[in-house]
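Q:
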Amino acid sequence: MNTIDFIMGNETMTYLWQKYQKKYFYAADITWAMVINAVKALAENSMS
């Protein structure tokens, strides 16, 4: 399991994202999966 997969499945991180979504209206429609996929894409692009 790599670090990103660990973070993706981490319940604490998911909970913190939900709190963030409630605090900042612009994040309300952005799912945790979308965040993780964006981070994965950035990581992959930075290695190429």
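For the sequence shown, the positions run 1 to 48 when full-length UniProt numbering is used.
Positions of the beta carbon are idealized from the N, C-alpha and C atoms, including for glycine.
Since the model is a prediction, treat every value here as computed from it, not as a measurement.
What runs of the beta strand (DSSP E), each 3 residues or longer, lie entirely inside the region 9 to 35?
A: none
Q: Closest to Thr3 by C-alpha separation, out of Lys40, Gln18, Ser48, Ser46, would be which residue?
A: The residue given as residue 3 occupies position 3 in the sequence shown. Of the candidates Lys40, Gln18, Ser48, Ser46, the one whose C-alpha sits nearest the C-alpha of Thr3 is Lys40.
Q: Which of the three DSSP states, helix, strand or coil, is assigned to Met47?
A: Working through the sequence shown from its first residue, we reach residue 47 at position 47. Three-state DSSP puts Met47 in a helix.
Q: Helix, strand or coil for Asn37 per DSSP?
A: Counting from 1 along the sequence shown, the entry for residue 37 is found at position 37. Reduced to three states, the DSSP call for Asn37 is helix.
Q: What distance in whole Å lies between the Cβ atoms of Ile7 and Met13, which are believed to be in contact at a cut-off of 8 angstroms?
A: The residue given as residue 13 occupies position 13 in the sequence shown. The residue given as residue 7 occupies position 7 in the sequence shown. Correct: roughly 5 angstroms between the Cβ atoms.
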